[in-house]
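Undergrad:
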């Protein structure tokens, strides 16, 4: 089961299908883009852009970005970096896939006057790290992730629980556990494995889950897929 927003989930599902799996897409959220807010922020001077999600890039892709293609961009991980390059940005630096790692990279490079193109809700790790180090930055929310509630017919296509559910963020883990069809039917899900991108994601499942929880060795989709072997 792939719980990412649909556009990302379809890419993940295609990769899983090529590996011989049978993916089921059930998004936990849908994006609502705020390009006008992003456009106002981009019009102000900054030394570099910072993004922690491919969704942020999709949100600003509705704008004419040609004037910004030379601005350096710092991306949280490789998937986000790929989206940045696809949008036309020429100078992209990639962190280790975590907000903490991205903060360390920017601190080590002594970058200042950054524009963080963010979503809501989001992990505070990047902003907390930059603030603690005295890095000057501004944050603009350019998209919101709106929660979706699964209807019974979406899950009833399954005679049994899926072998595994892929969880990419702490918010996804929390929303999964809050789904009425999960919360009210714990026994149905007990033989399903929760495959988490990080320990932080796994901890967000809470102690109530009866599922077997596994954590990727690295915060990458490749490492997450390795847990399926």
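Residue numbers (this note's numbering): 198 to 426.
Using N, Cα and C, we set each Cβ at its ideal position, and we do this for glycine too.
Alpha carbons only, please: which of 335, 364, 385 is nearest the one belonging to residue 234?
TA: Stepping through the chain shown from its first residue, residue 234 is reached at position 37. For residue 234, the nearest C-alpha among the options comes from 335.
Undergrad: Mind checking which residues open and close the beta strand (DSSP E) that includes residue 373?
TA: What you label residue 373 is simply residue 176 of the chain shown in a count that begins at 1. Careful: residue 373 lies outside any beta strand (DSSP E), inside the alpha helix (DSSP H) at 367–375.
Undergrad: Where does residue 281 fall in DSSP's three states?
TA: Here the question's residue 281 lines up with position 84 in the chain shown. Here residue 281 sits in helix by DSSP.
Undergrad: DSSP state of residue 320, grouped into three classes?
TA: Walking along the chain shown from the start, residue 320 turns up at place 123. Residue state, collapsed to three classes: coil.
Undergrad: Which full runs of the beta strand (DSSP E) of 3+ residues lie inside the stretch 198–259, going along the chain?
TA: Qualifying beta strand (DSSP E) stretches, in chain order: 226–230, 245–248.
Undergrad: Return the residue from the list 367, 419, 298, 259 that minimises the CA-CA distance to residue 285.
TA: Along the chain shown, one-based indexing puts residue 285 at 88. Of 367, 419, 298, 259, the residue nearest in Cα terms is 259.
Undergrad: Run the CB neighbour count on residue 264, radius 10 Å, all protein chains shown included, and call it buried at 16 or more, exposed below.
TA: On the chain shown, residue 264 is found 67 positions in, with the first residue counted as 1. Exposed.
Undergrad: Between residue 306 and residue 363, what straight-line distance do the alpha-carbon atoms span, to the nearest angstrom?
TA: Numbered from its first residue, the chain shown carries residue 306 at position 109. Numbered from its first residue, the chain shown carries residue 363 at position 166. Roughly 34 Å between the two C-alpha positions.
Undergrad: With a cut-off of 8 Å, do at least 3 Cβ pairs link the stretch 338–346 to the stretch 273–287?
TA: Counting Cβ pairs under 8 Å, fewer than three are found: no touch.
Undergrad: Keeping to the same chain, check which residues put their C-beta closer than 6 Å to that of residue 203; ignore five residues upstream and five downstream.
TA: For the purposes of this step, residue 203 is taken as the residue at position 6 of the chain shown. Around residue 203: 224.
Undergrad: Within this structure, are the beta carbons of residue 251 and residue 205 separated by less than 9 Å?
TA: Counted from its first residue, the chain shown places residue 251 at position 54. Counted from its first residue, the chain shown places residue 205 at position 8. For residue 251 and residue 205, yes; Cβs fall inside 9 Å.
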